[in-house]
Amino acid sequence: PKILPVVPQLIIPIKKALNTRNKVIMCTMIKIIQQLVKSGDMIGEALVPYYRQILPMFNMFKSDNTNLGDGMDYAQRKRVCMGDLIAETLEVLETYGGEDAFINIK
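Heads up: the sequence shown is residues 933 to 1038, going by our numbering.
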């Protein structure tokens, strides 16, 4: 696929979606980031220079885990539990981002 050359053009729309602070939009974009990174070779590595633009919003919402006590958390099944989704995405970024990914995530 010819995704790699357009990665820089995707950063602003990704950042805008994350900056909405709308959980539905953010969760959708976070899932898209995961798909994007897994979609081809070098895409994860191509995103590393842009982590400083993308990850600050992750930091704000990483502890946002809806806890319903004894009740079943249906959000987990739909993958909209923000904190879990962000943790999962950081792992994907680290796995596919090459050797510089970990340093830039931390």
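Every residue, glycine too, gets a C-beta built ideally from N, C-alpha and C.
Every value quoted in this text rests on a predicted model; they were computed, and no experiment measured them.
Determine the DSSP secondary structure at residue i, reduced to helix, strand or coil.
i	result
residue 1023	helix
residue 935	coil
residue 974	coil
residue 984	helix
residue 960	helix
residue 1029	coil
residue 996	coil
residue 947	helix
residue 954	coil
Can the beta-carbon of residue i be found closer than 7 Å to that of residue j?
i	j	result
residue 975	residue 942	no
residue 1037	residue 1026	yes
residue 1015	residue 977	no
residue 1033	residue 969	no
residue 1013	residue 997	yes
Grab me the residues of residue i's own chain with a C-beta within less than 7 Å of its C-beta, minus the 5 sequence neighbours each way, in chain order.
i	result
residue 965	946, 1021
residue 989	950, 951
residue 940	none
residue 957	949
Once you ignore the five residues that flank residue i on each side, which residues in its own chain have a CB closer than 8 Å to its CB?
i	result
residue 954	none
residue 960	949
Leaving aside the five residues before and after residue i along the sequence, list all residues of the same chain whose C-beta is less than 6 Å from its C-beta, in chain order.
i	result
residue 1024	966, 969
residue 994	1015, 1018
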